[in-house]
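Chemist: Take the sequence shown: its position 415, counting from 1, is numbered 415 in this note's numbering, and each next residue is one higher.
For every residue, glycine included, the Cβ atom is placed at its ideal position computed from N, Cα and C.
In this text, all values refer to a predicted model and were calculated from it rather than measured experimentally.
What follows is a single structure, and I will ask about it in a moment.
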Amino acid sequence: MPIEILMPALSPTMEEGTLAKWLVKEGDEVASGDLIAEIETDKATMEFEAVDEGIVGKLLVAEGSEGVLVNTPIMVLLEDGETAGDISSKPAPAVKTSADVAEPAVEAAVISTPKPARHIEGERVFASPLARRIAADAGVNLASISGTGPHGRIVKADVMGKPASVTVNSPTPAPLASGPSSDMIAKIYADREYEEIALNGMRKTIAARLTEAKQSIPHFYLRRDIRIDALLAGRTRINKQLEARGLKVSVNDFIIMACAMALQSVPKANAIWANDRLFQLKPSDVAVAVAVDDGLFTPVIKDAETKTLSQLSVEMKDLAGRARDKKLAPHEYLGGSFAISNLGMFGIDNFDAVINPPHGAILAVGAGVKKPVVGKDGELSIATVMSVTLSVDHRVIDGALGALLLNAIVDNLENPVTMLA
């Protein structure tokens with residue numbers, strides 16, 4: 001029977017995507033592993049591989065279609081002896097429209113799920129690309145899993161031990177603050193010249209997630225000034241030594257290291273909010289905000305506490321470069337317990353950052369500025385001072401615990417030699 005190819009979930013949080021480009025056309029022969037389409041998520045453009053083989057009988061979704069819901073049919077493959085006449089007539093695939101945003105949940109296509117398939121030893125195992133990645137990361141043998149996807153294909157839910165859902169609902173975006181509609185606003189500015197800019201997937205996601213964060217997370221803020229003259233002097237010496245290797249560390253690299261080590265010093269603060277419980281992480285997985293065209297990425301440096309300053313610098317440069325090119329894989333920007341947002345290079349003295357859920361905290365970093373300071377002996381001198389603000393989720397970290405974490409970060413940055421010892 002004809003095989004329906006479904007819109008894939010290319011990351012654990014993906015609920016819809018844009019079918020950017022077809023790499024096949026009707027009548028083409030497709031083998032397992034062939035690239036068949038380019039899919040845009042809110043974060044990246046990724047290639048989609050076929051897991052079945054056959055002839056492309058029908059392309060159900062046009063190139064450039066936005067808001068195509070995960071697990072809805074996008075293409076039909078024909079097996080040997082089948083023709084286009086064997087393709088049953090079905091409603092058009094579910095595509096999210098602007099009208100859907102106002103509804104709490106819109107029911108999409110209902111997908112029939114066959115009985116789980118049993119795999120015979122030596123037989124080829126069919127699994128979605130995401131299921132294969134999750135299984136590989138977890139060390140799970142796919143041959144031991146019964147698939148509940150179309151024609152027994154193994155899907156993400158099978159690998160994670162969850163039952164596959166047969167009804168796909170469109171995502172419910174976080175409710176935005178009440179206010180006039182776009183039509184009402186347009187009327188106000190009807191006599192003014194302006195350009196209307198449609199929101200892309202990344203901007204929609206940022207709007208929804210940060211609205212949700214400010215509405216649902218009880219933020220509180222802790223502020224400190226940090227003297228960084230010793231850090232700047234140490235950075236200069238280190239960069240002279242690294243010059244022959246073509247490496248150069250930044251102040252931000254020191255900040256990443258300081259936060260990673262502080263999370264180890266104050267382990268109770270190395271935690272995330274998981275709705276009805278907390279997850280206290282063992283490693284220091286530190287996310288760092290990177291500005292990109294039309295949005296923001298927060299790639300995660302995992303096990304940051306185990307890495308040298310030069311290793312952190314090289315990894316951060318690589319992640320930031322690929323973030324700007326939208327070439328990061330989902331596992332490189334999902335996760336972490338703590339984030340850093342540094343606007344010091346833009347001349348910003350201080351600011352308050354919004355927590356990126358489910359993180360427990362985020363450090364906002366301002367510019368290093370020369371200021372008059374009073375020393376311990378009461379004498380007035382000039383020092384380079386960097387202002388930081390720690391935004392904290394009060395559900396995860398209480399005031400005293402947050403203060404301990406921020407003090408540990410400050411200690412590391414004001415005494416960088418102790419970090420490098």
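Can you give the Cα-Cα distance for GLY402 and LEU222, rounded to whole angstroms?
Modeler: 8 Å
Chemist: Would you call the stretch 50-68 and the stretch 361-369 in contact, with 3 or more CB pairs under 8 Å?
Modeler: no
Chemist: To the nearest angstrom, report how far apart SER128 and VAL155 are at their CA atoms.
Modeler: 6 Å
Chemist: What's the gap between the Cα of VAL314 and the Cα of ILE74?
Modeler: 40 Å
Chemist: Would you say LEU413 and ILE256 are within 8 Å of each other, going by their C-beta atoms?
Modeler: Going by C-beta atoms, LEU413 is not nearer than 8 Å to ILE256.
Chemist: Classify LYS21: buried if its beta carbon has 16 or more other beta carbons within 10 angstroms, exposed otherwise.
Modeler: exposed
Chemist: What does a CB cutoff of less than 8 Å around MET261 pick up in its chain, not counting 5 residues either side in sequence?
Modeler: SER284, GLU305, ALA408, ASN412, MET419
Chemist: Within 10 Å of its beta-carbon, does ALA274 have 16 or more other beta-carbons around it, so buried, or fewer, so exposed?
Modeler: exposed
Chemist: Taking Cβ positions, are VAL396 and ILE272 nearer each other than 8 Å?
Modeler: Yes; because the gap between Cβ atoms is below 8 Å, this pair is in contact.
Chemist: Between the stretch 358-365 and the stretch 335-348, do three or more beta carbon pairs fall short of 8 Å?
Modeler: Touching, yes, given that three or more Cβ pairs across the two stretches are closer than 8 Å.
Chemist: Would you kindly work out how many angstroms separate the C-alpha atoms of MET184 and ALA190, rounded to a whole number?
Modeler: 10 Å
Chemist: By Cβ distance, which residues of its chain are closer than 6 Å to ASP158, with the 5 residues on each side in sequence left out?
Modeler: ILE145, GLY147, THR148
Chemist: Give me the residue from ARG132, PRO8, THR41 with the minimum Cα distance to ASN71.
Modeler: PRO8
Chemist: Are the Cβ atoms of ASP61 and ASP28 separated by less than 8 Å?
Modeler: The sequence given here places Val at residue 61; Asp does not occur at that position. No.
Chemist: Which residues does DSSP list as the beta-bridge partners of TYR189?
Modeler: DSSP lists no partner for TYR189.
Chemist: Helix, strand or coil: which one does DSSP assign to ASN252?
Modeler: helix
Chemist: If we ignore side chains and look at the alpha-carbon of each, how far apart do PHE220 and HIS394 end up?
Modeler: 7 Å
Chemist: Keeping to the same chain, check which residues put their C-beta closer than 6 Å to that of LYS248; ignore five residues upstream and five downstream.
Modeler: In chain order, ASN239 place their CB closer than 6 Å to the CB of LYS248, counting only its own chain and leaving out the 5 sequence neighbours on each side.
Chemist: Just mark GLU193 as buried or exposed, buried being the case when its beta carbon has 16 or more other beta carbons within 10 Å.
Modeler: exposed
Chemist: Give me, in chain order, the residues of the same chain whose beta-carbon lies closer than 6 Å to that of ASP225; leave out the 5 immediate sequence neighbours on both sides.
Modeler: For ASP225, same chain residues with a beta-carbon under 6 Å away, outside a window of 5 residues either side, are VAL385, SER387 in chain order.
Chemist: Pick out the complete beta strand (DSSP E) segments inside the stretch 10-73, 3 residues or longer, and give them in chain order.
Modeler: List check, beta strand (DSSP E) in window: 16-22, 35-40, 45-49, 54-59, 65-69.
Chemist: Distance, Cα to Cα, VAL286 vs MET202?
Modeler: 21 Å
Chemist: How close, in whole Å, do the beta carbons of PRO2 and PRO330 come, if the pair is a contact with beta carbons under 8 Å?
Modeler: So it is not a contact: roughly 30 Å between Cβ atoms.
Chemist: Can you list, in chain order, the residues of its chain with a C-beta nearer than 6 Å to that of PRO173? Leave out the 5 residues immediately preceding and following it.
Modeler: Any reading at PRO173 must be qualified, since the residue scores a pLDDT of 45, below 50, and its modelled position is unreliable; the value itself is stated next. If we look at PRO173 and ignore the five residues flanking it on each side, its Cβ neighbours are ALA208.
Chemist: Are the C-beta atoms of ALA198 and some chain D residue less than 8 Å apart?
Modeler: Among the chains of the structure shown, chain D does not appear; only one protein chain is present.
Chemist: GLY67 and THR41 - do their beta-carbons sit closer together than 8 Å?
Modeler: no
Chemist: Please state the DSSP three-state secondary structure of ASP352.
Modeler: coil
Chemist: In whole angstroms, give me the CA-to-CA distance for LEU296 and ARG324.
Modeler: In this structure, the alpha-carbon of LEU296 lies about 9 Å from that of ARG324.
Chemist: Taking the beta carbon of GLU400 as the centre, do at least 16 other beta carbons fall within 10 Å, making it buried, or is it exposed?
Modeler: Here the sequence assigns Ala to residue 400, which means Glu is not the residue at that position. So ALA400 ends up on the exposed side.
Chemist: Taking the straight line between their C-alpha atoms, what separation do you get for LYS327 and LYS317?
Modeler: LYS317 has its alpha-carbon roughly 13 Å from the corresponding atom of LYS327.
Chemist: How many Å lie between GLY33 and GLY54 at the Cα?
Modeler: 12 Å
Chemist: So, is THR308 buried or exposed, given that buried needs 16 or more other C-beta atoms within 10 angstroms?
Modeler: With fewer than 16 other Cβ atoms within 10 Å, it is exposed.
Chemist: Counting only runs of 4+ residues fully inside the stretch 287-358, write out the alpha helix (DSSP H) ranges in chain order.
Modeler: 309-324, 330-333
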